[in-house]
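Please read the structure below before turning to the comments.
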Amino acid sequence: MATRRSMTGPIRIQRRLPITVAPTSAEMAAAAARAEVLEAQIRPSVSVRKAAAYVDCDISTIYRALASGALQGHRLGTRSRRVYLDSLQRWQEAGQDMAPAPAPERRRRSLADTASFRAVMARLKAAGV
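Take any residue in the sequence shown, count from 1 to its spot, add 5: that is its number in this note's numbering.
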């Protein structure tokens, strides 16, 4: 308590603290439900650079996957992109299940198939060699 003096004597001033009322159990349950809904709506995400490091690829691959819809993400501000971790994990697992594509068959061109070789052979025949 603070005191101050007046002409007639000391005056006692009581400072009142704000009264807080404890929330009811129904209010607590409603707050917990709101927190659970909010937690369910928030999906952890990482930057494109960290996502690329996580799956060991170039960041351009992550940007292409975001643009094609293979990966899900969101914008942070006007330029920054973030990738949802669950989407990244599904994308990586889908890629692991795929068998590697077979190498295309390449036909080796022999020297006899080239026009320059045929021209040289024709000149040699004409020269009698």
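The beta-carbon is built from N, C-alpha and C at its ideal position, and this holds for glycine as well.
### Task
Using beta-carbon positions only, say whether I54 and I47 come within less than 7 Å of one another.
One point to set straight first is that residue 54 is Arg, not Ile, in the sequence displayed. No, Cβ-Cβ distance for R54 and I47 is not below 7 Å.
### Query
Is it buried or exposed for G78, if we count other Cβ within 10 angstroms and need 16 for buried?
buried
### Query
What first and last residue would you give for the alpha helix (DSSP H) that runs through L71?
64-73
### Query
Do the CB positions of S52 and R21 come within less than 7 Å of each other?
no
### Task
Identify the continuous alpha helix (DSSP H) that holds S115 and give its terminal residues.
That residue, S115, is in no alpha helix (DSSP H); it is neither H nor E in DSSP.
#### Entry: Counterpart residues of L140 in DSSP-defined beta bridges
In the structure displayed, the chain extends from 6 to 134; residue 140 sits before or after that span and is not available.
### C-alpha distance - A127 paired with D118, whole-angstrom precision
14 Å
### Message
By DSSP's criteria, V134 is part of a beta bridge. Which residues make up the other side?
### Response
BP columns for V134 are empty, so no partner.
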